[in-house]
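Under this note's numbering, the final residue of the sequence shown carries the number 779; numbering is consecutive throughout. Structure record follows, encoded as structure tokens.
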Amino acid sequence: MSYLGKLLEGNSQYVHLRSMYHYYKKYVQWRFDGCPVPPAIVKHWAIKHYASKYRIKTFVETGTYMGNTIQAVSRNFRRLYSIELSEELYQNARFKFANQPHISLYQGDSSVVLPQIIENIEEPVLFYLDAHYSGGITSCGDKDTPILTELTNILNHPLKHQHIILIDDARCFNGSNDYPDLSDLQQFILGSKVYQSCYVLNDIIRIHND
């Protein structure tokens, strides 16, 4: 790498702008392709949109994976929590975010760890639920996805009416591999009388009060 290249790599603003450029290229290509399964940038923008609109400062994620989502939205929240079942992925994330004290990482099954985290949170939360087995280096718990248990834990929280819930991979909710059918999930959420809206946009199930 040239001297100029090394100099630029050490400039945080350059690194951020380069990242945004690559994100934007992916977004343009996604729109050009007719908006199939959205790239990560579309999902990151959704998180940032709801954080800004509802002025939410606490983010809780299930399914850390590579830590890309936390990294993308870390500047948009005062506190971030993320749960990862895989010990390897958890340790990788710990190393990646070691110098960011506002990010807290947990290893374990989100159906167990999530209620332990939120019992001490006394403000609205933006939840991003993405814990599921997807092969490769991901881990599998008792079920391929603990989504119903996660939602039940959130619905039992004292501030449940004020939370925003985003669930990734809406396309997977077809009644197989421990995923409920989308219509059953919507009935479960709306039937709780806690939330007024439960709909899908850009492969994200969005649950909130207007």
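Using N, Cα and C, we set each Cβ at its ideal position, and we do this for glycine too.
Local Cβ density within 10 Å of residue i, reported as buried at 16 or more and exposed below that
i, result
"residue 659", "buried"
"residue 715", "buried"
"residue 768", "exposed"
"residue 653", "buried"
"residue 618", "exposed"
"residue 770", "exposed"
"residue 666", "buried"
"residue 704", "With a pLDDT of 46 at residue 704, under the threshold of 50, the predicted position of this residue should be treated as unreliable, and no value is reported."
"residue 728", "exposed"
"residue 753", "exposed"
"residue 750", "exposed"
"residue 689", "exposed"
Cβ-Cβ separation, residue j to residue i (assumed contact under 8 Å), whole Å
i, j, result
"residue 773", "residue 615", "6 Å"
"residue 662", "residue 636", "4 Å"
"residue 629", "residue 687", "7 Å"
"residue 695", "residue 639", "Not confirmed; about 12 Å, so no contact."
"residue 777", "residue 761", "Not quite, the Cβ-Cβ distance comes to about 13 Å (not below 8 Å), so this is no contact."
"residue 634", "residue 675", "With 8 Å as the limit, residue 634 and residue 675 do not qualify as a contact, their Cβ atoms being about 14 Å apart."
"residue 737", "residue 697", "7 Å"
"residue 625", "residue 693", "5 Å"
For residue i, three-class secondary structure by DSSP
i, result
"residue 676", "strand"
"residue 737", "coil"
"residue 775", "strand"
"residue 659", "helix"
"residue 648", "strand"
Per DSSP, the bridge partner or partners of residue i
i, result
"residue 768", "775"
"residue 697", "630, 735"
"residue 691", "The partner list for residue 691 (beta bridge, DSSP) is empty, contrary to what the question assumes."
"residue 743", "750"
"residue 719", "Looking at the DSSP assignment, residue 719 forms no beta bridge with any residue, so it has no partner."
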